[in-house]
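Chemist:
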Amino acid sequence: MRVKLNKWFLGIIAVTMVLVVGMQSCGEEPIKPPPAPIKTGVQLNFAALWEGQPLTFLSGYFKNNATQPEYIQFLNFGMIVSKLSLVKEDGTEVLLGDGYQWIDFKKSRTQFDYEMPEGSYKAVKFTFGMDSAVNHGDPNQWGPEHPLNGNLTGMHWGWAGGYIFQAIDGNYKDSLTGLYNKGMSFHAATDVMKREFIVPVGAIGGASGLISVSAGKLTKVNFNYHVNKLLQGVELKKGAVSHSEGTKEAALMARLLSNLTDFKAFEVPTP
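Start counting the sequence shown at 64; every next residue gets the next number (my numbering).
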């Protein structure tokens, strides 16, 4: 009798332990291991600059148009790029990750590590915007941390409008003594506004350089966006809003995007 009772008691304990462990495993998500550190590759650091100084948000001002100054205060600045790559000396392009990235200067989401093969690279290449099928596809197909997840970035207009691939918002005034009571909003979007850029390594106006990736080393690469060149020659009082739609707003956005190339707004100094 005692033996049977002991077996019965041990059986109850075993079943209870199984149930407890099962309940814990159902109620808790497994802990994900941290990603393995990148051993060979590049660390890409994006910086938004105005006349060489870091862009700030909700503080200070930046003077646009020297002859008739307008004083700008930035509130938001983010962008989504696709086909982000490094270009080898022979012209071969090596994709960084899956090529998509979301950069947010206000939130300091500006540093990204990528596994890369050893070698020398002469340029950074990327696209503002993306292929039409992706632009108008289902944003919910992307994981919660992916740059194309609209809930993560807040830079998606819906299936009809697609993604906003550059969003700049702020306020401005016409004099130092005035109030920041005039809005500024430039949202680059739609398939028509897609642009491709190749940024050679080396300071603007200086000698060309190379990014050298060596085994067991993470090479730091700086990417400078000179925002004052985006707005060069643009008087905000004549047009401070463009969401890339409508004749007037589309023309203004096309001019802004042309400024990026015409005035060499992007720079990748030699590491």
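For each residue, glycine too, the CB sits at the ideal point set by N, CA and C. Nothing here was measured: the structure is a model prediction, and the numbers come from that model.
Have a look at residue 139 and residue 293 and give me their C-alpha separation to the nearest angstrom.
Modeler: Taking the sequence shown and counting its residues from 1, the one referred to as residue 139 is at position 76. Taking the sequence shown and counting its residues from 1, the one referred to as residue 293 is at position 230. If I take the Cα positions, the gap works out to 15 angstroms.
Chemist: Indicate the three-state DSSP secondary structure (helix, strand or coil) for residue 131 in the structure shown.
Modeler: As a working mapping, residue 131 is identified with position 68 in the sequence shown. If DSSP states are grouped into helix, strand and coil, residue 131 belongs with coil.
Chemist: Kindly indicate which residue of 268, 251, 167 and 245 has the alpha-carbon position closest to the one of residue 111.
Modeler: Sequence index remark: in the sequence shown, residue 111 carries index 48 (1-based). Answer by Cα proximity: 167.
Chemist: So, at 8 angstroms on beta carbons, what are the nonlocal neighbours of residue 71 in its own chain, with the 5 sequence-adjacent residues on each side left out?
Modeler: Numbered from its first residue, the sequence shown carries residue 71 at position 8. In this prediction, residue 71 scores a pLDDT of 46, lower than 50, which makes its location untrustworthy; no coordinate-derived value is stated.
Chemist: In this structure, how does DSSP classify residue 182 when only helix, strand and coil are distinguished?
Modeler: In the sequence shown, the residue the question calls residue 182 occupies position 119. It is a strand residue.
Chemist: Assign residue 239 to buried or exposed, taking buried as 16 or more other Cβ atoms, counted over all protein chains shown, within 10 Å of its Cβ.
Modeler: Sequence index remark: in the sequence shown, residue 239 carries index 176 (1-based). With fewer than 16 other Cβ atoms within 10 Å, it is exposed.
Chemist: Is the beta carbon of residue 218 closer than 9 angstroms to that of residue 141?
Modeler: Translated into positions along the sequence shown, residue 141 becomes position 78. Translated into positions along the sequence shown, residue 218 becomes position 155. Yes.
Chemist: Taking its Cβ as the centre, do 16 or more other Cβ atoms sit within 10 Å of residue 133, making it buried, or is it exposed?
Modeler: Within the sequence shown, numbered from 1, the residue matching residue 133 stands at position 70. Buried, since its Cβ has 16 or more Cβ neighbours within 10 Å.
Chemist: Using the Cα positions of residue 216 and residue 165, report the straight-line distance between them to the nearest angstrom.
Modeler: Position 153 of the sequence shown holds residue 216. Position 102 of the sequence shown holds residue 165. C-alpha separation (whole angstroms): 7 angstroms.
Chemist: In whole angstroms, what separates the C-alpha of residue 263 from that of residue 286?
Modeler: Mapped onto the sequence shown, residue 263 falls at position 200. Mapped onto the sequence shown, residue 286 falls at position 223. About 11 angstroms.
Chemist: Quick one: Cα of residue 305 to Cα of residue 154, how far?
Modeler: As a first step, residue 305 must be located in the sequence shown, where it is residue number 242. As a first step, residue 154 must be located in the sequence shown, where it is residue number 91. Cα to Cα, the separation comes out at about 35 angstroms.
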